[in-house]
Each structure stands twice: as C-alpha cells, then as structure tokens.
Amino acid sequence: MLQNEKTATDFGAMDARNQPAATQILVIEDDPHIQKILQRTFREQGYGVTVSGNGQDGLDAFRSGRQSAVILDLVLPAISGRDLCKIMKAEQPGVPIIVLSAISEVADKVLLLELGADDYMTKPFSPRELMARVQAALRRPRVHAATPATFSFGGCEIDFAKMNARRAGKPITLTAHEFKLLKYFVENAERVLSREELLNEVWGYNSYPTTRTVDNQILKLRQKLEPDAADPHHLQTVYGAGYRFVP
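Count along the sequence shown from 1, then add 54; that gives the number in the numbering used here.
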C-alpha cells in the first residue's frame, strides 16, 4: 500500500542525473504491486534496481552483487525479514537497510534497530519520503567491518599491519597491492566480487580497457597462497560472475 503514488515521479530537485550509475538498490518485497512501484521510483531517479520476492532470493542477490542499499520487507517467504536483516548486517555492516513493513508496533521497530536496520517505514508509505530516507542513508559515512591486524587461513598467516605473510611457517613475499587486494577479499569473505568491483575498489579505476588485470593479480596470489594454484580452495572463480574468497 502506498500514500499518494503520483509522488513517485515528482521529486523536484532530486535529479536522476546526479545519481552515480553504480548505485544499486536491492528491494526484497513479495508484493508485486509494491515491487513495481519501488522499481519505477528508484529507476526514475537514476538508480539500478534488483527485486527479489522472497528471503532466500534476496539473500542470494545481496551476496552476489554490490548493493548500495536494501529495502526490506519483514514478512517474507523462505527467510524472514528479521533474520535477513541480522545476516546482512553481520556480513556487510556498511550497507544501509531500510525496513518497509505493515507491522507498526514500537517493539518491532526497536527490535529492527537492535538487529542493525538503519531506518524503518510502515505501510502505507510515501515513495517521496522513502526516497528521501534512502538518499539520507546513502550520504552517511559507511561503516566497514574492521579487518583484523592478523588473519589466518589454510596454513597462511597474514599480518596486514606489518605487511608480513607466511605460508606453512615460511615467509612469502606479497606486494603492497597484493596485500590490498587480499585485504578486500578478507573484508568481503564469502561474497562474490565482480572484476569491475575489484577494479573500482582496489585499483580505483573509473574506466579500464580490460578486466584481465584482476585475473592476472589473482593468479599471482593463488601461486603464493594456495597449495595448488590450478585447483584453488580459497580464491575461487565464480564463472560468469567474478571471484569469491573462502577462508
């Protein structure tokens, strides 16, 4: 249910051209009518939108893509919104989650905030107000999961603070950029990272001629860190999507 649906296209000073193309909104909502309204609302303001109709699909989309914010319903098939909120905040605390639900009791609002939700709106809702809340959440400084000074996996011991690395007790040499790439993987463990995301976040490229740069760098990391670089266990290829780090 919505309040004044026409406001979805009437945002005045909110100009779609001001939104970065990489800004992605994940909508996890099982009502087809609301799905369409939210999809139209965000796309008209220049955002990319992914829509999932149940909790499991929503979690898969959250883990497989780079999401800038999540609109989350509480009552969902497969996995509840409460459980989803807790899981997503544990995995990526910097991604804002705005809960959208017909449940309006104060206790539920407190519970969601305790689970990590950044904001809460009840149905019926105003698309204009929801957009304003999402934009406010996106402007806040993002909180990233703290990377431990030392990290161990598969016989490897990595000291990010001192930039030292050992494998099976023996020193190995990693370049500064290899440390940076590995650190990003550790911060996003279990999540599929596209080559484009790695280039943007680790290399800082805004445009690039090829993604082979990422492939070559990961091959070098595998040769240094994996027992068998040809059959990697930790730096896995997800064909058609990118790479995933499994500790």
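Just so it is clear, CB atoms sit at the ideal spot from N, CA and C, and this is done for glycine as well. All figures in this text were calculated on a predicted structure; none of them were measured in a lab.
message: Residues in the same chain with beta-carbon distance under 8 Å from Met217, minus the five sequence neighbours each way, listed in chain order, please.
response: For this step, residue 217 is matched to residue 163 along the sequence shown. Excluding positions up to five away in sequence, the list reads Leu228, Ala230, Phe233.
message: Just to confirm, is the Cβ distance from Gln121 to Ile79 under 9 Å?
response: Translated into the one-based positions of the sequence shown, residue 121 becomes position 67. Translated into the one-based positions of the sequence shown, residue 79 becomes position 25. In this structure, Ile79 lies closer than 9 Å to Gln121 by Cβ.
- prompt: CA-CA distance, Ala171 and Gly223?
  reply: For this step, residue 171 is matched to residue 117 along the sequence shown. For this step, residue 223 is matched to residue 169 along the sequence shown. Cα to Cα, Ala171 sits roughly 42 Å from Gly223.
message: Please report the distance separating the alpha-carbon of Glu83 from that of Asp173.
response: As a first step, residue 83 must be located in the sequence shown, where it is residue number 29. As a first step, residue 173 must be located in the sequence shown, where it is residue number 119. For Glu83 and Asp173, the distance between alpha carbons rounds to 16 Å.
task: On a CA-only basis, which of Leu92, Phe207, Thr204, Glu145 is nearest Val103? Give me that one, please.
output: By one-based count along the sequence shown, residue 103 stands at place 49. The candidate whose alpha carbon is nearest that of Val103 is Leu92.
field: Assigned exposure category for Leu273 - 16 Cβ within 10 Å defines buried
entry: Counted from its first residue, the sequence shown places residue 273 at position 219. Burial call: exposed.
Residues sharing a beta bridge with Glu211, DSSP: Walking along the sequence shown from the start, residue 211 turns up at place 157. Beta-bridge pairing links Glu211 to Ser206, Arg220.
field: Pairwise C-alpha distance: Leu236 and Ala156
entry: By one-based count along the sequence shown, residue 156 stands at place 102. By one-based count along the sequence shown, residue 236 stands at place 182. The alpha-carbon atoms of Ala156 and Leu236 are separated by roughly 42 Å.
- request: For the stretch 285 to 298 and the stretch 237 to 247, state whether three or more C-beta atom pairs, one from each stretch, are separated by less than 8 Å.
  value: yes
message: Tell me the residue span of the alpha helix (DSSP H) that contains Thr267.
response: Translated into positions along the sequence shown, residue 267 becomes position 213. Thr267 -> alpha helix (DSSP H) spans 266 to 279.
- prompt: Looking at C-beta atoms only, is the number of pairs between the stretch 176 to 194 and the stretch 205 to 213 that lie closer than 8 Å three or more?
  reply: no
task: Kindly indicate which three-state DSSP category Val292 falls into: helix, strand or coil?
output: As a working mapping, residue 292 is identified with position 238 in the sequence shown. Residue state, collapsed to three classes: strand.
field: Spatial neighbours of Leu247 in its chain, beta-carbon cut-off 6 Å, leaving aside the 5 residues before and after
entry: Walking along the sequence shown from the start, residue 247 turns up at place 193. Cβ within range, chain order: Gly296, Tyr297.
query: So what does DSSP say about Leu128, is it helix, strand or coil?
result: Within the sequence shown, numbered from 1, the residue matching residue 128 stands at position 74. The answer is coil: DSSP assigns Leu128 none of H, G, I, E or B.
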